[in-house]
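Working notes for the structure below.
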Amino acid sequence: MSKLAVIAYDDQFKAEEVRTKLRRLQQDHLIDLEQALVAVKDDQGEVTLLRMSKPAAEVEAHKGFWNTLVGAIVMEPALGMASDARSGAIRGALAGAGVDEDFLKELAATFQNGSSVLFVLIRHASPEQVLAALQGTGGKVLETNLTHQEEANLQAALKVARAAG
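Okay, structure coming up:
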């Protein structure tokens, strides 16, 4: 089963920078990414999505999930209106995929102008090497189905500053 990690960054370029690091790790066979998506909200509030290139068949398998999740991000104000049929459908679809409303609220509060979010589905990883590569990149883990210890290790690696030299 793939593991989900959603990491928010205060910088609109940081999520793409971290995704690039993960792609390098994938080339070195230290991580096997199923999917990686970056959502960027520029200073004017425009949302841009950056997907990792994959064969069409693999992309189609998760396209509905990503589109629904991103729709929830972009339509966040509409999600607060209980009478809106679209917001109910989006919430229902995401709940079916294991994404709860508390996560959506935290994501909406975090995804401000000038920020970015990295969504990653990981098939397999060499934890020590991945954590070392992500050390000091900042960010906040918003959602994951990692174990509590794996999540704590990831959040600690994001926060720890790299040693000088």
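Residue numbers for the sequence shown follow the working numbering, so the first one is 93 and each next one is one higher. Ideal Cβ placement from N, Cα and C applies to all residues, glycine included. None of these values were measured; they are calculated from a predicted model.
Assigned secondary structure, residue i (DSSP; H/G/I helix, E/B strand, else coil)
i, result
"GLU235", "strand"
"PHE203", "coil"
"PHE132", "Residue 132 is actually Val in this sequence, not Phe. Reduced to three states, the DSSP call for VAL132 is strand."
"THR112", "helix"
"ASP124", "strand"
"PHE105", "coil"
"VAL252", "coil"
"LEU213", "strand"
Pairwise C-alpha distance: residue j and residue i
i, j, result
"GLU220", "ALA249", "10 angstroms"
"ILE214", "THR236", "11 angstroms"
"THR267", "PHE203", "An answer regarding residue 267 cannot be provided, because it is not within the stretch 93 to 257 covered by the chain."
"LEU122", "SER218", "5 angstroms"
"GLU108", "GLY137", "17 angstroms"
"LYS232", "ALA100", "5 angstroms"
"GLU193", "GLN118", "32 angstroms"
"ALA128", "HIS216", "14 angstroms"
"GLN247", "ASP102", "15 angstroms"
"LEU196", "ASP120", "33 angstroms"
"ALA225", "HIS240", "20 angstroms"
"GLU243", "LYS251", "12 angstroms"
"ASN71", "GLU126", "Residue 71 cannot be examined here, being either before or after the span of the chain that is shown, 93 to 257."
Whole-angstrom C-beta distance between residue j and residue i, which should lie under 8 angstroms
i, j, result
"LYS95", "LEU223", "Not a contact, Cβ separation roughly 14 angstroms."
"LEU210", "ARG111", "6 angstroms"
"GLY230", "LYS106", "6 angstroms"
Cβ pair residue i, residue j closer than 8 angstroms
i, j, result
"VAL132", "LEU234", "no"
"VAL130", "SER207", "no"
"LEU142", "VAL212", "no"
"ASP134", "GLN104", "yes"
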